[in-house]
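Chemist:
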Amino acid sequence: RKEESFMQFFAPTHVYLEKNCVDNHKQELLSYGKRAFIITGKHSSAVNGSLADVLAVLDEASVPYLIYNDIEENPSVETVAKAAAEGKEFQADFVIGIGGGSPLDAAKVIALLIANPQEDAGCLYEPKDLKALPVIAIPTTCGTGSEVTPNAVLTRHAFKTKKSISYNIYPELALVDGKYLASANGRLLIHTAVDALAHCVESRLHAKANVYNHMFSEYGLSLWGKLAPVLEQIAAGPDAVPSSLSDEDLEAFMLASTVAGMAIAQTTTSLPHAISYEITYNHGVPHGKACGIFLAAYMDEYARNNPEDVNRVLSLLGFDSTESFGEYLRRLLGSVAITEEESNLYADNIMANASKLSTYPFPIDREAILRILTCSLDVTA
Ligand code: NAP
Ligand code: FE
1 RKEESFMQFF APTHVYLEKN CVDNHKQELL SYGKRAFIIT GKHSSAVNGS
51 LADVLAVLDE ASVPYLIYND IEENPSVETV AKAAAEGKEF QADFVIGIGG
101 GSPLDAAKVI ALLIANPQED AGCLYEPKDL KALPVIAIPT TCGTGSEVTP
151 NAVLTRHAFK TKKSISYNIY PELALVDGKY LASANGRLLI HTAVDALAHC
201 VESRLHAKAN VYNHMFSEYG LSLWGKLAPV LEQIAAGPDA VPSSLSDEDL
251 EAFMLASTVA GMAIAQTTTS LPHAISYEIT YNHGVPHGKA CGIFLAAYMD
301 EYARNNPEDV NRVLSLLGFD STESFGEYLR RLLGSVAITE EESNLYADNI
351 MANASKLSTY PFPIDREAIL RILTCSLDVT A
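Position 224 of the sequence shown, counted from 1, bears residue number 224 in the numbering used here, the numbering being contiguous throughout.
#1: If contacts are defined as beta-carbon pairs under 8 angstroms, then L17 and T192 qualify, I think. What distance do you get, rounded to the angstrom?
#2: Got a sec: does ligand 1 put a non-hydrogen atom nearer than 7 angstroms to the Cβ of V109?
#3: According to DSSP, is K179 part of a helix, a strand, or is it coil?
#4: Between which two residues does the beta strand (DSSP E) holding F94 run?
#5: Under 7 angstroms: does the beta carbon of S355 sit that close to some heavy atom of ligand 1?
#6: To the nearest angstrom, how far is it from the Cα of D105 to the Cα of P363?
#7: If distances are taken between C-alpha atoms only, which option among S276, V176, F159 comes closest to F294?
#8: In angstroms with no decimal places, state the Cα-to-Cα distance between L255 and S217.
#9: Classify E3: buried if its beta carbon has 16 or more other beta carbons within 10 angstroms, exposed otherwise.
#10: DSSP state of K2, grouped into three classes?
#11: Is H199 helix, strand or coil when you go by DSSP?
#12: State yes or no: is the C-beta of T374 within less than 8 angstroms of the C-beta of T339?
#13: List, from N- to C-terminal side, the alpha helix (DSSP H) runs of 4 residues or more that fit wholly inside the segment 237-283.
#14: By DSSP, does L377 sit in helix, in strand, or in coil?
#15: At the level of alpha carbons, what is the spacing between S355 and F9?
#16: Going by C-alpha distance, which of A81, A303, H206 is nearest Q386?
#17: Residues in its own chain within less than 6 angstroms of V310 by CB, not counting five upstream and five downstream?
#18: Any idea what DSSP makes of Y32, helix, strand or coil?
#19: For ligand 1, I want to know if E251 counts as a neighbour, meaning its beta carbon is within less than 7 angstroms of at least one of the ligand's heavy atoms.
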């Protein structure tokens with residue numbers, strides 16, 4: 001465990017969480033530039049009102065904008081390069097990301113590429129000193145916390161996996177409004193809320209954990225514990241829009257997500273996220289489910305070295321054992337099947353990922369990674 005003298009805390013994003021947040025903070029939004037490049041997904045921001053809220057502010061102030069609405073889930077290096085080319089031609093001087101973690105992460109990378117026209121996407125995983133255009137982030141899912149983190153995860157088809165780029169890009173401004181969740185279906189709420197849960201757990205059980213980030217990870221875990229029964233109800237009818245949810249419930253989901261983002265902004269994520277990238281890339285499993293499915297087994301592994309911290313996580317969440325926590329997550333998420341050959345390959349890939357292994361505060365071997373995989377997934381011969 002790191003000495004307390006290594007403690008650091010850094011959270012430069014201005015964050016507002018309230019109803020009608022975009023309109024309430026339009027002056028600050030407009031202060032970041034004169035030509036806006038809007039980055040969003042294919043449909044959802046046009047349906048949930050977030051895009052219309054932003055366009056109303058830009059139109060009222062006669063700020064020119066260009067919309068790029070072709071960001072896919074788990075955006076690829078190729079997609080952000082294509083979008084950045086359009087943004088450069090438009091001469092955008094600030095970027096507004098609207099949507100789930102995919103458009104928000106893409107917005108950060110696009111802002112970096114536009115600000116550095118001498119570079120191509122080859123720079124994204126190099127150790128250069130590059131700065132991005134200002135980014136404004138407006139989340140419409142309750143999972144990634146990307147609006148308050150410096151990270152941007154891209155799919156790298158060339159390497160058949162996903163990876164966070166080498167640069168820290170904090171949004172200048174995060175405008176968080178629970179009302180955008182009202183159009184989400186139960187499955188999306190579950191998956192993204194479980195991503196926020198994974199952020200709290202992985203940040204709390206992490207080599208860089210310290211009292212500063214405990215403030216966020218522990219508070220996030222206790223918030224999440226209150227939402228756990230709500231999610232179990234949603235899981236009973238996950239395809240219907242959960243009209244039973246109040247505005248306060250939706251805001252609580254957003255709050256848990258931003259708090260969890262503030263936690264990982266201090267530490268990064270850990271092994272469940274690292275393993276999830278294999279499952280998402282190769283089996284198309286949504287990000288939150290792909291992380292959540294490994295949490296109980298990760299905690300079992302961690303408890304071999306430090307049962308106290310695992311018990312602390314469980315008690316904040318309101319569970320009495322990793323077993324009951326794992327059963328709860330299975331009820332929420334269902335299962336994922338892979339072959340034995342795949343599990344061996346994924347274990348090899350994780351063992352080759354030195355930077356992710358260093359987030360785990362104890363020695364770890366291939367056997368332990370295989371245990372996490374086989375305890376969490378349905379592994380067939
Ligand atoms: P997402 O991939 O952004 O979106 C998933 C789906 O939800 C899309 O089909 C999207 O539709 C739809 N959607 C978004 N908001 C909606 C709403 N309010 N109502 C209905 N549908 C909605 O999902 P995500 O889980 O938020 O983001 C996952 C990505 O974030 C992954 O690439 C992951 O690696 C990354 N991530 C980043 C961080 C970080 O710190 N930066 C942390 C964790 C994860 P449209 O395509 O039509 O918009
Ligand atoms: Fe995540």
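Here a beta-carbon is modelled for each residue, glycine too, at the ideal position from N, C-alpha and C.
All values reported here derive from a predicted model rather than from experimental measurement.
Modeler: So, to answer that:
#1: 16 angstroms between Cβ atoms; not a contact.
#2: no
#3: Helix at K179.
#4: Where F94 is concerned, the enclosing beta strand (DSSP E) stretches over 94-99.
#5: Every heavy atom of ligand 1 is 7 angstroms or more from the Cβ of S355, so no.
#6: So the two alpha carbons sit approximately 31 angstroms from each other.
#7: Distances from the CA of F294 to each of S276, V176, F159 were compared; the closest alpha carbon is that of S276.
#8: If you draw a straight line from the Cα of L255 to the Cα of S217, it comes to about 12 angstroms.
#9: Unreliable placement is indicated for E3, whose pLDDT of 49 sits below 50; no coordinate value is reported for it.
#10: For K2, the pLDDT reaches just 48, beneath the cut-off of 50, and the residue's location in the model is therefore unreliable, although a value from the coordinates is still provided. K2 falls in the coil class under three-state DSSP.
#11: helix
#12: Contact: no.
#13: 247-267, 271-283
#14: coil
#15: 20 angstroms
#16: Because the chain here runs from 1 to 381, residue 386 falls outside it and cannot be looked at.
#17: M299, Y302, A303
#18: coil
#19: Outside the cutoff, so no.
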